[in-house]
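Notes follow once the structure below has been shown.
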Amino acid sequence: MNMNLTKTITAWASAAMLCSVMFSTSAVAQGTSKLTDPEIASVAVTANQVDISYAEVAQKKSKNADVLKFAQTMSNDHKAIIAKAAALCKKLGVTPKDNSVSKKLNSDAAKTRKMLNSKSGEAFNKAYIDNEVAYHKAVISVVEGVLVPQAQNAELKQLLQSVVPALKEHLMHAEMVQKEFTK
Amino acid sequence: MATIKTILKSVLCVGCCAFMLAGCSSNTPSVPTVHFAQDEYATKLKASGGDTMPKVYAVTIALMKFDPDTITVKKGDTVVFYNHDMVTHDITEEHSKAWTSKPLPADASWKLVATQSSDYYCTIHPVMKGKIVVQ
Numbered sequence: 001m002n003m004n005l006t007k008t009i010t011a012w013a014s015a016a017m018l019c020s021v022m023f024s025t026s027a028v029a030q031g032t033s034k035l036t037d038p039e040i041a042s043v044a045v046t047a048n049q050v051d052i053s054y055a056e057v058a059q060k061k062s063k064n065a066d067v068l069k070f071a072q073t074m075s076n077d078h079k080a081i082i083a084k085a086a087a088l089c090k091k092l093g094v095t096p097k098d099n100s101v102s103k104k105l106n107s108d109a110a111k112t113r114k115m116l117n118s119k120s121g122e123a124f125n126k127a128y129i130d131n132e133v134a135y136h137k138a139v140i141s142v143v144e145g146v147l148v149p150q151a152q153n154a155e156l157k158q159l160l161q162s163v164v165p166a167l168k169e170h171l172m173h174a175e176m177v178q179k180e181f182t183k
Numbered sequence: 184m185a186t187i188k189t190i191l192k193s194v195l196c197v198g199c200c201a202f203m204l205a206g207c208s209s210n211t212p213s214v215p216t217v218h219f220a221q222d223e224y225a226t227k228l229k230a231s232g233g234d235t236m237p238k239v240y241a242v243t244i245a246l247m248k249f250d251p252d253t254i255t256v257k258k259g260d261t262v263v264f265y266n267h268d269m270v271t272h273d274i275t276e277e278h279s280k281a282w283t284s285k286p287l288p289a290d291a292s293w294k295l296v297a298t299q300s301s302d303y304y305c306t307i308h309p310v311m312k313g314k315i316v317v318q
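If you're matching them up, the sequences are chains A and B in order.
Final position of the first sequence in the numbering used here is 183; the numbers increase by one with none missing.
Final position of the second sequence in the numbering used here is 318; the numbers increase by one with none missing.
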C-alpha cells in the first residue's frame, strides 16, 4: 500500500496500520522467526505504551467528554497492564528485548500520532476513535495469534491471556464512542 | 451457705464440662446447656422480627466481568464486590447513579447493603454490567 496515499486519505490510515501490523505478525506466526519470551515481553509492553501515547494526544487535543473519559481509561488500564508485565519480568528475570514486531509497532505509532496531530475538533475525535477501534482489533489479533501461542513461560502466557478480555472491552467501548461520530 | 452454693456451682460446671467432653467422644446427644443457649438465640431472633440473619454475598470482578452478573438477595443482605482484575473498576447504579463505589483499585473490595433492586455498571468500562435483585 502506498504510504503517501494513506497520509493524505485519512480514512485509510488506521486500516493501513492494521494491515501492516497484521502482515508483520502473520509473517512471524508462519514460523519464519519465532519470538522469544524477552521479545514477547517487549512487544506486549510496546503495544501498551503505544496506546498510552495515543491517549496523551487525545487528552491534549479533544474537548469531547466521552473521548476524554475513554482516553483516561486507556491511559490508566494500559499503565496497570505494563506494571503487571514489569513485575512479572522482574520475578522471572526476563529483560524485554527489542525486535522487528516491537520496532514496527513504534514506527507505525509515530506515523499515526503525526496523522492525529494534524487534525482538530470533530475530525480529530473521529480519527482518534477510529484508530482506537482498528488498533485494538490489531493488538487482540497479535496477542491471541502470536504472543499467547509463542510464549514459553506459563506465567507469561497466562498474563497475556488475562489481558485479552480488557482489550476486548476497550474495543467495545471504543465502538460505543465511535457511534457518536458515525452519522 | 454461700460457700456451699459456690461448691455446688463448681461441681455442676465440672460435671457439665465432663458431660460435654463425653458427648464429643461418644456421639451422645448434646447437653441441656447447649439446648438452652440455642432456644434463647431462637427466641431473640423471633423477637427481632425475622427467622433468618442477613446474609453476605460475594460478587467477584475478574477478566472484565461481574461474577455472578445477576445476584438475588433479601432486603438488608450485604453484597461484597472483590476486584480481582489488574485494572481499577467501579460499581455504580446505572439509571440515576443513585450509589457508587467510587474507583475500586485492583485487590480492593467494597460492600453494599441491598435495599432495592438495582442495575449497575462500571463507569470506567461501560460494557461491564450487573444486576442486584432484592426479593
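Glycine included, C-beta positions come from ideal geometry on N, C-alpha and C.
Since this is a predicted model, take the numbers as computed values, not measurements.
Sheet register partners of residue i (DSSP bridge)
i	result
residue 173 (chain A)	Note: residue 173 (chain A) sits in no beta bridge, so no partner.
residue 301 (chain B)	B:315
residue 283 (chain B)	B:275
residue 266 (chain B)	B:244
residue 250 (chain B)	B:243
residue 256 (chain B)	B:317
residue 292 (chain B)	B:265
Spatially closest choice to residue i from the options, by CA coordinates
i	options	result
residue 295 (chain B)	B:306, B:281 and B:288	B:281
residue 53 (chain A)	A:97, A:108, A:158 and A:100	A:108
residue 59 (chain A)	A:131, A:111, A:149 and A:72	A:72
residue 157 (chain A)	A:181, A:101, A:123 and A:92	A:92
residue 34 (chain A)	A:75, A:105, A:164 and A:148	A:148
residue 316 (chain B)	B:293, B:235, B:247 and B:255	B:255
residue 45 (chain A)	A:155, A:67 and A:160	A:160
residue 86 (chain A)	A:41, A:97 and A:181	A:41
residue 236 (chain B)	B:260, B:264 and B:269	B:260
residue 79 (chain A)	B:318, B:310 and B:289	B:289
residue 299 (chain B)	B:251, B:269, B:262 and B:246	B:262
residue 61 (chain A)	A:74, A:105 and A:121	A:121
residue 179 (chain A)	A:104, A:66 and A:117	A:66
residue 258 (chain B)	B:306, B:297, B:265 and B:308	B:297
Within 7 angstroms, strictly: CB atoms of residue i and residue j
i	j	result
residue 77 (chain A)	residue 152 (chain A)	no
residue 113 (chain A)	residue 177 (chain A)	no
residue 287 (chain B)	residue 267 (chain B)	no
residue 277 (chain B)	residue 304 (chain B)	yes
residue 133 (chain A)	residue 175 (chain A)	yes
residue 284 (chain B)	residue 293 (chain B)	yes
residue 253 (chain B)	residue 314 (chain B)	yes
residue 246 (chain B)	residue 96 (chain A)	no
residue 94 (chain A)	residue 43 (chain A)	no
Residue-chain proximity (residue i, chain E), Cβ-Cβ < 7 angstroms
i	result
residue 173 (chain A)	The displayed structure is made up of protein chains A and B, and chain E is not among them.
Any chance you could list the alpha helix (DSSP H) runs of at least 4 consecutive residues sitting entirely within the segment 56-93 of chain A, in chain order?
Qualifying alpha helix (DSSP H) stretches, in chain order: 65-92.
Taking contact to mean at least 3 C-beta pairs separated by less than 8 angstroms, is the segment 130-145 of chain A in contact with the segment 45-52 of chain A?
Enough Cβ pairs lie closer than 8 angstroms, so yes.
At a cut of 8 angstroms, does the segment 120-127 of chain A reach the segment 154-172 of chain A through at least three beta carbon pairs?
The segment 120-127 of chain A vs the segment 154-172 of chain A: no contact.
Contiguous alpha helix (DSSP H) assignments of at least 4 residues, all confined to the segment 94-132 of chain A
Within the segment 94-132 of chain A, the complete alpha helix (DSSP H) runs of at least 4 residues fall at 100-117.
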